[in-house]
Amino acid sequence: MKKIKAAIIGSGNIGTDLMYKLERSDVIELTSMLGIDPESDGLKRAKDRGYRTFSNGITALEENPDLADIVFDATSAKAHINHAKILEKMGKVVIDLTPAAIGPFVCPAVHLQTPLQGLNVNLITCGGQATIPIVHAINRIADVRYAEIVATISSKSAGPGTRANIDEFTITTKRGIEEVGGADQGKAIILLNPAEPPILMRDTVYCEVKQMDREKITESIEEMVEVVREYVPGYRLKQQPLFEESHVTVFIEVEGMGDYFPVYAGNLDIMTSAATRAAENFASHLNNQNNTQNV
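For the sequence shown, full-length UniProt numbering assigns the number 1 to the initial residue and increments by one for each residue that follows.
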């Protein structure tokens, strides 16, 4: 299968971890990393691994448009607003890992068999990637009236970007719970836990449902967990779902792969893993289209 060329904008922690994820892909060929700090650890690592590196940001892609067909934006919401306009004019597929939420929301576990719609798709939030699959799994059986999620992460895994975008996290995750998860109404909460040693990412999903069927709901949840585990191996149920009258409560834990982040930073790892799977999904559909046209 032909590999689709890709570039990463952003040489910070997210972009660097994403680089390691993409190296394992069978359908994505990472060509380059674009940053703005020539001394950043990300650019140094990318150069050492044989990728082209640039320290003039998105300008490098404008000057070298053949670098990539898929562009990952791992910068900031503010920067992405500008990047999105440029990349749209260039006709690039963009996978947005920032909280900008310009394009349609994508959760790979839910959209696994669906080609990416639009040139710019957004990965919602780490809490959204961890919990929306569960809301969706319950909703397809029981019709979720209300869904509330609590994402608890280690303080050490919450960088300046996360801390500066708490409001965006709650608003964007709520939208994702409703638009992708299918709940009639959603709510999202994030907690930063300073415990030492640092805790793994833990998520609580609480749903009020219209049709209760404990056996089918449990089966649907377990099937969804296995789908997520295909690209996030450390994703797991902490215990069996809890049922009470019309309420379902699910407890999730996310352990990272330890590529660049510590394993406790499952909240960051799930974003780069989701970005990789979303790009692979698009690349596979693009290859299928090309094969069909060549027949």
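Glycine included, every Cβ here is placed at the ideal spot set by N, Cα and C.
Here the structure is a predicted model, which is why all the values come from computation and not from measurement.
Query                                                                                                                                                             : Result
Mind checking P160: buried by the 16 CB within 10 Å criterion, or exposed?                                                                                        : exposed
Helix or strand or just coil, what does DSSP make of K44?                                                                                                         : helix
So V227 packs on L123, CB below 8 Å; how close in whole Å?                                                                                                        : The pair is not a contact, with the Cβ atoms about 16 Å apart (cut-off 8 Å).
Looking at C-alpha atoms only, which residue of P133, F261, A6 and D37 is the closest neighbour of I95?                                                           : A6
Less than 8 Å separating the beta-carbons of A74 and I8?                                                                                                          : yes
By how many angstroms is the C-alpha of F54 removed from the C-alpha of K238?                                                                                     : 43 Å
Which runs of the beta strand (DSSP E) at least 3 residues long sit entirely within the segment 209 to 293? Give them in chain order.                             : 235 to 237, 242 to 244 and 247 to 254
Taking the straight line between their C-alpha atoms, what separation do you get for Y51 and R277?                                                                : 21 Å
Spatial neighbours of T16 within its chain, please: CB distance less than 7 Å, with the 5 preceding and 5 following residues excluded, ordered by chain position. : D41, G42, R45 and Y260
Rounding to the nearest angstrom, what Cα-Cα distance links S155 and S76 in this structure?                                                                       : 20 Å
Could you spell out where the beta strand (DSSP E) holding D96 opens and where it closes?                                                                         : V93 to D96
Taking buried to mean at least 16 other C-beta atoms within 10 Å of its own C-beta, is I81 buried or exposed?                                                     : exposed
For V295, name the three-state secondary structure that DSSP assigns.                                                                                             : The pLDDT assigned to V295 is 48, lower than 50, so where the model puts this residue is not dependable, and the model offers no usable value.
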